[in-house]
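Below: one structure, written as structure tokens.
Protein chains: 4
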Amino acid sequence: METIKQKSPVLFYYNQSKKWLVTISKKESLHTHIGVIPHAEAIGKEYGSRLVTNKDKYVYLLKPTTYDYIMKIQHGTQIVYPKDIGYIIARAGIQNGQKIIEIGTGSGALTSFVASIVKPRGHVYTFDVDENFMKVAEKNIKKAGMSKYVTQTKLDIKTSKKIPVSDADLALIDLGDPWTVIPQVRKLLKSSGAIFAICPTMNQLEKLTMALVENEFTDIESSEHLSRTIDAREGKTRHSFQGIGHTTYLCYARKAIFDREKPTRKKTKTKKRA
Amino acid sequence: METIKQKSPVLFYYNQSKKWLVTISKKESLHTHIGVIPHAEAIGKEYGSRLVTNKDKYVYLLKPTTYDYIMKIQHGTQIVYPKDIGYIIARAGIQNGQKIIEIGTGSGALTSFVASIVKPRGHVYTFDVDENFMKVAEKNIKKAGMSKYVTQTKLDIKTSKKIPVSDADLALIDLGDPWTVIPQVRKLLKSSGAIFAICPTMNQLEKLTMALVENEFTDIESSEHLSRTIDAREGKTRHSFQGIGHTTYLCYARKAIFDREKPTRKKTKTKKRA
Amino acid sequence: METIKQKSPVLFYYNQSKKWLVTISKKESLHTHIGVIPHAEAIGKEYGSRLVTNKDKYVYLLKPTTYDYIMKIQHGTQIVYPKDIGYIIARAGIQNGQKIIEIGTGSGALTSFVASIVKPRGHVYTFDVDENFMKVAEKNIKKAGMSKYVTQTKLDIKTSKKIPVSDADLALIDLGDPWTVIPQVRKLLKSSGAIFAICPTMNQLEKLTMALVENEFTDIESSEHLSRTIDAREGKTRHSFQGIGHTTYLCYARKAIFDREKPTRKKTKTKKRA
Amino acid sequence: METIKQKSPVLFYYNQSKKWLVTISKKESLHTHIGVIPHAEAIGKEYGSRLVTNKDKYVYLLKPTTYDYIMKIQHGTQIVYPKDIGYIIARAGIQNGQKIIEIGTGSGALTSFVASIVKPRGHVYTFDVDENFMKVAEKNIKKAGMSKYVTQTKLDIKTSKKIPVSDADLALIDLGDPWTVIPQVRKLLKSSGAIFAICPTMNQLEKLTMALVENEFTDIESSEHLSRTIDAREGKTRHSFQGIGHTTYLCYARKAIFDREKPTRKKTKTKKRA
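Residue numbers (our numbering), protein chains in the order written: chain L, 438 to 711; chain V, 438 to 711; chain Z, 438 to 711; chain F, 438 to 711.
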């Protein structure tokens, strides 16, 4: 049994669209459309308990998961959705102990999620060029409790002469022009290591795929993932009227070894593949 | 640089539908429609290298990921697809160190994937009633290298008097009648812990949701996930003609604390929710 | 060349979400968020021309199509979407000259669309029990110019003793409990004639399908249809972020002849089919 | 009651994937995996009746719909699917009496379907450059009974100096490079008339949309349509495992009038739109 205390993180949950992730602070109150709840009321309660607002609505006190953190982190920014994060993890086989590179730290949400899996012996090295974004991400990664497992560096991987990390299992790429960093990213990956790029447009997929073929990647796969919620109710079960639209396309590939001795053959193969 | 040796696991990769996961054995050969490759040729090569079959086709020697293992494990059985596994991980926030329960071991694929994330300090406790399935799963979990992080028990959770595990973070349920085990599963979960059920039919979602409401779960969400691959090629990018159909619906929920002192109110709330 | 006159119908089109279907009336003006346009300015212009609002925005003067009428008609009611109407037409093979029955007139949108196809020699017979709805539908059908090809009758088909129409090619059913009218609807259809039911829930599909099997229908097919728009733009083409959620499921079937002489066989077949 | 005779068209229906569209010919038999049926047995039966094959399987004798004809016509060729045909009809508001142009006749399936709606006073003018295809299409249009309402012409619209048709309501375009014919197609359309193009790739959508903007079309909309079947069965209703993949994207637009007097403004607007 785990009891909520001062400074405990709590997800105040009313429904899917009304939920608040807070750190308990004795003197504060949560003010919402469904009423007010003084944090103090949560202290001493078990996670999973519920409170009643002054507007007579029930609110559950849930223990935040990584999902709750990353959804909160991304509030107001371009979201990497759970369905996409999930596919990245499952298709790349991200697991405990791996060394992951991230080009484009963004809000730090994907960074944090991946760190929560590879920790404590694995690590995430994340690179960005925008110091303002980096500061926001730093805070977010800290809130998610992942600072220890993440190294943030300001670096433009495209032009960098040095190789900041090597033998990585996977490189996550979230850039507008992902194809431009492929030659550099190759150097950071171990052989048979992989990349996963977040590509909002079809044109990005197209250019990236061409760059991957040219740079001797294999098992190249572009995909998109649609999630629908279902309203399951006795005698009237149906999909939700609310639809989820496009978020992003994804591109996966694994690094192969160049085979410099057989240039003619390689060319032939590339042609066939196209 | 990692070199392939006798007994190394290797994914011989030709394309998405022609790939073979093998353990290197000096005297064996891989016989396929695209030609023959003696395992011996792979020995001493770096992962990511490629070989040529006697039919002059290139085959890449990739280092298997958890994805490769679970897809292989599931060959010929009812598959839990990466898109669904991924959503389960992302939505439930499965992370390193957690204690996971699984009701219905199946092929051991989901078991292995989840173990690869929660290990080494986390653990998966998996229960089934069919000894034949359990033996197959045991082998598969071993192949994936996850035996140390998984405890398999023959147990019918529905009728079991004892509580084999307690304070679990998450219960994965893969049964034909998932609603029947909810009262028991509650006891295995920590407060605010979650369930994720694999429900191939809408009727299962409906019955399960009713059981979850009755047993005081909250944050209940039913969903389905569609994945489409995209053929990204210069000047002619489009979705693949090959479609993926229905696999399964998923149901997630988190355990709340019963609030026995306020029966009237509770009733009111439940009604509104419906 | 067709010129806009007093009383001409015009679709003032700004973009997909800002468009207004009006009948030109010399003294009126269109007041919108993007500015004001006096109808008088449209008079004498060719369809397809554009005007400028007092806020300096271009608005096109399009000639309304059946699509424009039915979208307008349905404003504020439960919409039958073009993707669903389209599938109904294509799958049932609705064509010029047919006799169509509609059980549940609704807003008259589907009625009007179907009438626009079967006219002038075909006809739509539509039945409803709610006089208020019927009046609204009557107006809408008139606006769409289809009154001549539609006969509206107040009738509860479930309990009606008489058969108001016979030898229909197709019966469209838009009721909460479509399975209850199947025995009656059989009598209105010609042999090998078809039904198409609009079923917002899975439970409706399930009950309806059972009723169809029992009442000797064949070629039974339940389906759902998802439409996504694509933002096609140079170098950044992608699906729209805005998603369309669930609208309705559809159920199609064709009437077969009962074969009373072979009861045993029939039973066997029905079992196999389930 | 309609009785099957010598030369009657009949759809022998066993299930969704086993059905045969034939013209009854006294001396012939239908040979299938589910057994043999002499055509003679169908003669004198009512449509909707069923027969038993020599392998003891029931086969229904259905009266073919336009859907059945166009699916048959397209056997073995690149299909225009009912979901796409349906959306074209619904979005463009195709109705009885219209004048339709088709650039690229293909198998004649879309041609026939559209003719079945616009007939008897409306007409379809279809153009192609490949005489072999044209002959096949001619046969198919005849089989569907639509020859009277379709005019087939060998013509390369791109380079043609003369305008073979004018004031068309709609132009259907099924070409690899649809953007090349837009300036010519403009001339065939009435003002406020529309185009619908079948575009299998995203790149086609992109180029076509640019051409449409440049040629002063409005209400431009690209879309794609996904259809899923549902297996509705008592207590185990779910989507079908069999999925339908990508077929084509669609692009719709309406012809606006060039406004030559205001070149500066037009330019500004076009920019904003992009």
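Just so you know, even glycine gets a beta-carbon here, dropped at the ideal spot from N, CA and C.
Could you confirm whether any beta carbon from chain F is found closer than 7 Å to the beta carbon of residue i?
i: residue 639 of chain L; result: yes
i: residue 652 of chain Z; result: no
i: residue 532 of chain Z; result: yes
i: residue 643 of chain Z; result: yes
i: residue 500 of chain Z; result: yes
i: residue 462 of chain Z; result: no
i: residue 524 of chain Z; result: yes
For the candidate residues the options, whose alpha-carbon lies nearest to that of residue i?
i: residue 551 of chain F; options: F:566, F:576, F:584; result: F:584
i: residue 621 of chain F; options: F:628, F:645, F:596, F:642; result: F:596
i: residue 560 of chain V; options: V:455, V:607, V:442, V:457; result: V:607
i: residue 496 of chain Z; options: Z:487, Z:502, Z:504, Z:503; result: Z:487
i: residue 485 of chain V; options: V:562, V:449, V:522; result: V:449
i: residue 498 of chain F; options: F:461, F:683, F:567; result: F:461
i: residue 643 of chain F; options: V:687, V:646, V:673, V:645; result: V:673
i: residue 501 of chain L; options: L:445, L:658, L:518, L:600; result: L:445
i: residue 493 of chain Z; options: Z:579, Z:536, Z:451, Z:681; result: Z:451
i: residue 586 of chain L; options: L:600, L:563, L:683, L:651; result: L:563
i: residue 453 of chain V; options: V:467, V:441, V:590, V:504; result: V:504
Sorted by chain position, which residues of the same chain lie with C-beta nearer than 7 Å to residue i's C-beta, five sequence neighbours on each side aside?
i: residue 544 of chain Z; result: 510, 511, 514, 573, 574, 577
i: residue 534 of chain Z; result: 555, 558, 559
i: residue 541 of chain L; result: 565, 610, 611, 612
i: residue 490 of chain V; result: 471, 472, 473, 474, 496
i: residue 625 of chain Z; result: 538, 600, 602, 603, 605, 608
Could you name the residues of the same chain whose beta carbon sits closer than 6 Å to that of residue i, not counting the 5 residues immediately before and after it, in chain order?
i: residue 695 of chain Z; result: 653
i: residue 633 of chain Z; result: 525, 529, 609, 689
i: residue 667 of chain F; result: 676
Kindly indicate if chain L contains any beta-carbon less than 7 Å away from that of residue i.
i: residue 694 of chain V; result: yes
i: residue 474 of chain V; result: no
i: residue 677 of chain Z; result: yes
i: residue 623 of chain V; result: no
i: residue 469 of chain Z; result: no
i: residue 669 of chain V; result: yes
i: residue 674 of chain V; result: yes
i: residue 682 of chain Z; result: yes
So residue i is in the alpha helix (DSSP H); what residue range does that whole segment cover?
i: residue 475 of chain Z; result: Where residue 475 of chain Z is concerned, there is no enclosing alpha helix (DSSP H), although the beta strand (DSSP E) it sits in stretches over 472 to 475.
i: residue 531 of chain Z; result: No alpha helix (DSSP H) contains residue 531 of chain Z, which DSSP labels as neither H nor E.
i: residue 664 of chain L; result: From DSSP, residue 664 of chain L is part of no alpha helix (DSSP H) but of the beta strand (DSSP E) over 654 to 668.
i: residue 641 of chain L; result: 639 to 651
i: residue 573 of chain L; result: 568 to 580
i: residue 547 of chain Z; result: 546 to 555
i: residue 503 of chain F; result: 503 to 510
Does the beta-carbon of residue i have 16 or more other beta-carbons within 10 angstroms, so that it is buried, or is it exposed?
i: residue 526 of chain L; result: buried
i: residue 594 of chain V; result: buried
i: residue 470 of chain F; result: exposed
i: residue 389 of chain F; result: Beyond the ends of chain F as shown, which are 438 and 711, falls residue 389 of chain F; an answer cannot be given.
i: residue 640 of chain V; result: buried
i: residue 700 of chain V; result: Annotation note: pLDDT 39 at residue 700 of chain V (below 50); position unreliable, coordinate value reported separately. Per the 10 Å Cβ criterion, exposed.
i: residue 662 of chain L; result: buried
i: residue 523 of chain L; result: buried
Is there a Cβ of chain V sitting closer than 7 Å to that of residue i, yes or no?
i: residue 662 of chain L; result: yes
i: residue 527 of chain L; result: yes
Assuming residue i is part of the beta strand (DSSP E), what are its boundary residues?
i: residue 605 of chain Z; result: 605 to 610
i: residue 631 of chain F; result: 626 to 636
i: residue 565 of chain L; result: 560 to 565
i: residue 690 of chain L; result: 686 to 692
i: residue 712 of chain L; result: The shown model of chain L, from 438 to 711, leaves out residue 712 of chain L, and the question about it has no answer.
i: residue 488 of chain V; result: 487 to 489
i: residue 466 of chain V; result: 466 to 469
Got a sec? Which residues, its chain only, sit under 8 Å from residue i by beta carbon, not counting five neighbours each side?
i: residue 629 of chain Z; result: 691, 692, 693
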